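Chemist:
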Amino acid sequence: MDKLVFIVDDEPSILKLVSHWVKNQWGYGVKTFSLGNEALENLTDNPDLVLLDIMLPDVNGVEALRKIKTVNPNLPVIMLSAQGNIEVALDSLKLGAYDYFPKPLDKNRLEPAIKNAIKSYDMQRKIVELEANLQQEYSFDNIVSSDESMQHVFKMISKVLDNDITVLIHGESGTGKELIARAIHYNGVRKERPFVVVNCASIPRELLESELFGHEKGSFTGAHQRKIGKFELARGGSIFLDEIGELEMSLQAKILRVIQNKEFERIGGNEIIKTDVRIISATNINLKEAVENKLFREDLFYRLNSFPIDIPPLRERRGDILLLIDHFTKTFNKKLGKAIKGVKKQTLKTFYEYDWPGNVRELENTIERCMILTDGDMIDEESLPPHIKSDAVNFMKAANGDLFDDDSPVIPFEVLKKEAILHALRKTDGNIVEAAKKLNIGRATFYRLMDKYDIDQKKK
Ligand SMILES: Nc1ncnc2c1ncn2[C@@H]1O[C@H](COP(=O)(O)OP(=O)(O)OP(=O)(O)O)[C@@H](O)[C@H]1O
Ligand SMILES: [Mg+2]
Numbered sequence: 005m006d007k008l009v010f011i012v013d014d015e016p017s018i019l020k021l022v023s024h025w026v027k028n029q030w031g032y033g034v035k036t037f038s039l040g041n042e043a044l045e046n047l048t049d050n051p052d053l054v055l056l057d058i059m060l061p062d063v064n065g066v067e068a069l070r071k072i073k074t075v076n077p078n079l080p081v082i083m084l085s086a087q088g089n090i091e092v093a094l095d096s097l098k099l100g101a102y103d104y105f106p107k108p109l110d111k112n113r114l115e116p117a118i119k120n121a122i123k124s125y126d127m128q129r130k131i132v133e134l135e136a137n138l139q140q141e142y143s144f145d146n147i148v149s150s151d152e153s154m155q156h157v158f159k160m161i162s163k164v165l166d167n168d169i170t171v172l173i174h175g176e177s178g179t180g181k182e183l184i185a186r187a188i189h190y191n192g193v194r195k196e197r198p199f200v201v202v203n204c205a206s207i208p209r210e211l212l213e214s215e216l217f218g219h220e221k222g223s224f225t226g227a228h229q230r231k232i233g234k235f236e237l238a239r240g241g242s243i244f245l246d247e248i249g250e251l252e253m254s255l256q257a258k259i260l261r262v263i264q265n266k267e268f269e270r271i272g273g274n275e276i277i278k279t280d281v282r283i284i285s286a287t288n289i290n291l292k293e294a295v296e297n298k299l300f301r302e303d304l305f306y307r308l309n310s311f312p313i314d315i316p317p318l319r320e321r322r323g324d325i326l327l328l329i330d331h332f333t334k335t336f337n338k339k340l341g342k343a344i345k346g347v348k349k350q351t352l353k354t355f356y357e358y359d360w361p362g363n364v365r366e367l368e369n370t371i372e373r374c375m376i377l378t379d380g381d382m383i384d385e386e387s388l389p390p391h392i393k394s395d396a397v398n399f400m401k402a403a404n405g406d407l408f409d410d411d412s413p414v415i416p417f418e419v420l421k422k423e424a425i426l427h428a429l430r431k432t433d434g435n436i437v438e439a440a441k442k443l444n445i446g447r448a449t450f451y452r453l454m455d456k457y458d459i460d461q462k463k464k
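Note that our numbering gives residue 244 to position 240 of the sequence shown, counting from 1, and the numbers run on in steps of one.
In structure tokens form, the structure reads like this:
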């Protein structure tokens, strides 16, 4: 899209000349204003840059600059000043102007200044967007569940956001342990600081110590340079120790020291490094059992386990399968550029009955695979991996049996959504505030959907 430049000057000849350069020669979109207030009123057009004369008949250019900066502090403004106005021009730089140009304007300097200002404004906006996406990705909105046990998990999470308590997340593989850990970090007080992940199972033992704590140059063969460890990189933020149950005894002792004394040393170093890191760890094994079997230090276990969070496997919250299918279909529609509308009834039944040993991750991968293989706009049995078809035990048709009763071969997502609303209302005895919370949607949206699907609060 064309970039838009506002040119604000009361001298018609300057307006004409500069807009000729900017528009016809340099290819930007242009809007010209001879009054400062006019330009201010039109900031809603979202210009990418403002060229602002310092001497305007209605409002002083510096004042106009100040107003622009209160509306949008990042919008670049280049001041244009008559000779002798240099003092004012310098003041405007202090107020955040990008640059200033004395008249007569030097065309050859003005062009790159405009180009650079717009480019850096673009970059700033991209960074803000990326950060917003990142936060969005790990906000609670992206954790889908209407199940009671998961609501309990959410409640637990909300209690640890604003403190530094050490959290231990337990759950089978693929249940969402990392997702929860990220949600804790990115919704908590440390969100502006790093979130650093260390997978204790995937890094060879010899390297793990240096990965965690770093090393000095020459501290062992192959240590050609100083390396900064993850605990140092996470300073001020959070470290996520995944598969903590795999940690060998000697490293367990070192982690204990970090927790107790908030300090450590790099391998081969004498310097004691102070650290301020929140520790979130995760495991899919039963750590207490590991303690009983003398594989895990008891003192460390109690330290890590100050705040345990247990994520139930997907087969124990089958209601979430429907919601997750809807969620992942939307995500992959975007990612794959598809327009899949729903799941054929028989397939949905298979999804519902299957035990999902790989939990949410397996469901996510399966949906993606199915969507890639499906040509039509409905996911059908053909696209399912064979083991899912054959494994589907005859799980009680009851729970949502009514869903599968009539003869239509397809359950569109609209029906699933209606089911989710009904399910949430049933679970909360018709309490709309609670039901909306369960589904992570606003109350107004909930009412709108009830209205849309013709749901009567009392007849759940
Ligand atoms: N409740 C949920 N809502 C939406 N997506 C989820 C949910 N739970 C898990 N996921 C998704 O499932 C995938 C697996 O989650 P995650 O990596 O957090 O699991 P994990 O428990 O760390 O698994 P593993 O033990 O295999 O490392 C991720 O893509 C995650 O975004
Ligand atoms: Mg994980």
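For glycine and all other residues, C-beta sits at the position ideal for the given N, C-alpha and C. From a predicted model like this one, the values you see are computed outputs, not experimental measurements.
Answer yes or no: do D246 and N274 have a C-beta to C-beta separation smaller than 8 angstroms?
Modeler: No, Cβ-Cβ distance for D246 and N274 is not below 8 angstroms.
Chemist: Using only alpha-carbon positions, find the residue among I271, K234, I188 that is nearest to G226.
Modeler: Of the candidates I271, K234, I188, the one whose C-alpha sits nearest the C-alpha of G226 is I271.
Chemist: Report yes if the C-beta of G249 is less than 7 angstroms from at least one heavy atom of ligand 1; otherwise report no.
Modeler: Result no, Cβ not under 7 angstroms from ligand 1.
Chemist: Any heavy atom of ligand 1 inside 7 angstroms of the beta-carbon of E368?
Modeler: Result yes, Cβ under 7 angstroms from ligand 1.
Chemist: With burial defined as no fewer than 16 other Cβ atoms inside 10 Å of the residue's Cβ, what is the status of F479: buried or exposed?
Modeler: No statement about residue 479 is possible, as the shown extent of the chain runs from 5 to 464 and does not include it.
Chemist: How many Å lie between A187 and R373 at the Cα?
Modeler: The straight-line gap from Cα to Cα measures roughly 27 angstroms.
Chemist: Could you check the C-alpha separation between V54 and V92 for me, to the nearest Å?
Modeler: Approximately 17 angstroms between the Cα atoms of the pair.
Chemist: For K231 and G241, which I take to be in contact (beta-carbon distance under 8 angstroms), what is that distance rounded to the nearest angstrom?
Modeler: Contact flag wrong, Cβ pair sits at about 19 angstroms.
Chemist: Rounded to the nearest angstrom, what separates L340 and I376 at their Cα positions?
Modeler: Rounded to whole angstroms, L340 to I376 spans 8 angstroms at the Cα level.
Chemist: Could you give the residue range of the beta strand (DSSP E) that holds H174?
Modeler: Looking at the DSSP string, the run of the beta strand (DSSP E) that includes H174 is 171-175.
Chemist: How far does the alpha helix (DSSP H) with Y356 in it extend, from its first residue to its last?
Modeler: Where Y356 is concerned, the enclosing alpha helix (DSSP H) stretches over 349-357.
Chemist: In whole angstroms, give me the CA-to-CA distance for N191 and D166.
Modeler: Cα to Cα, the separation comes out at about 9 angstroms.
Chemist: In whole angstroms, give me the CA-to-CA distance for G33 and I18.
Modeler: Cα-Cα distance, rounded: 17 angstroms.
Chemist: With distances taken from CA atoms, which of A294, E293, V295, A238 is nearest I277?
Modeler: Minimum Cα distance to I277 is reached at A238.
Chemist: How is H228 classed by DSSP in three states: helix, strand or coil?
Modeler: Of the three classes helix, strand and coil, the one that applies to H228 here is coil, per DSSP.
Chemist: Roughly how many whole angstroms lie between the Cα atoms of K345 and R319?
Modeler: Their Cα atoms are separated by approximately 25 angstroms.
Chemist: Use the C-beta contact count for G323: other C-beta atoms within 10 angstroms, 16 or more gives buried, fewer gives exposed.
Modeler: Counting Cβ neighbours within 10 Å, G323 comes out buried, since at least 16 surround it.
Chemist: So, for F268: in the same chain, excluding its five sequence neighbours on each side, which residues have a beta-carbon less than 7 angstroms away from its beta-carbon?
Modeler: Same-chain partners within the cutoff: F217, F235, K258, R261, V262, I277, T279.
Chemist: Compute every distance between the C-beta of N297 and the non-hydrogen atoms of ligand 1, then say whether any falls below 7 angstroms.
Modeler: Outside the cutoff, so no.
Chemist: Residues bridged to T287 by DSSP?
Modeler: In the DSSP output, where bridge partners are listed per residue, T287 has H174.
Chemist: Would P80 be called buried (16 or more neighbouring beta carbons within 10 Å of its own) or exposed?
Modeler: Burial call: buried.
Chemist: Where does M59 fall in DSSP's three states?
Modeler: Coil, per DSSP.
Chemist: Check L327 in the structure and name its three-state DSSP category.
Modeler: L327: helix per DSSP, three-state reduction.
Chemist: Going by C-alpha distance, which of L453, D330, L21, V347 is nearest E114?
Modeler: It should be pointed out that residue 114 corresponds to Leu in this sequence rather than to Glu. The candidate whose alpha carbon is nearest that of L114 is L21.
Chemist: If you check the beta carbons only, do A185 and A286 fall under 8 angstroms apart?
Modeler: Yes, these two residues count as a Cβ contact at 8 angstroms.
Chemist: Rounded to a whole number of angstroms, what is the C-alpha to C-alpha distance between Q128 and V364?
Modeler: Using only the alpha carbons, I get a separation of about 35 angstroms.
Chemist: With T370 as the anchor, note down where its alpha helix (DSSP H) starts and where it stops.
Modeler: 363-377 is the extent of the alpha helix (DSSP H) around T370.
Chemist: What number of angstroms, rounded off, separates the C-alpha of L291 from the C-alpha of F305?
Modeler: Cα to Cα, L291 sits roughly 7 angstroms from F305.
Chemist: Anyone know if the C-beta pair for L429 and S150 falls short of 8 angstroms?
Modeler: Against a cut-off of 8 angstroms, the Cβ pair of S150 and L429 comes out as no contact.
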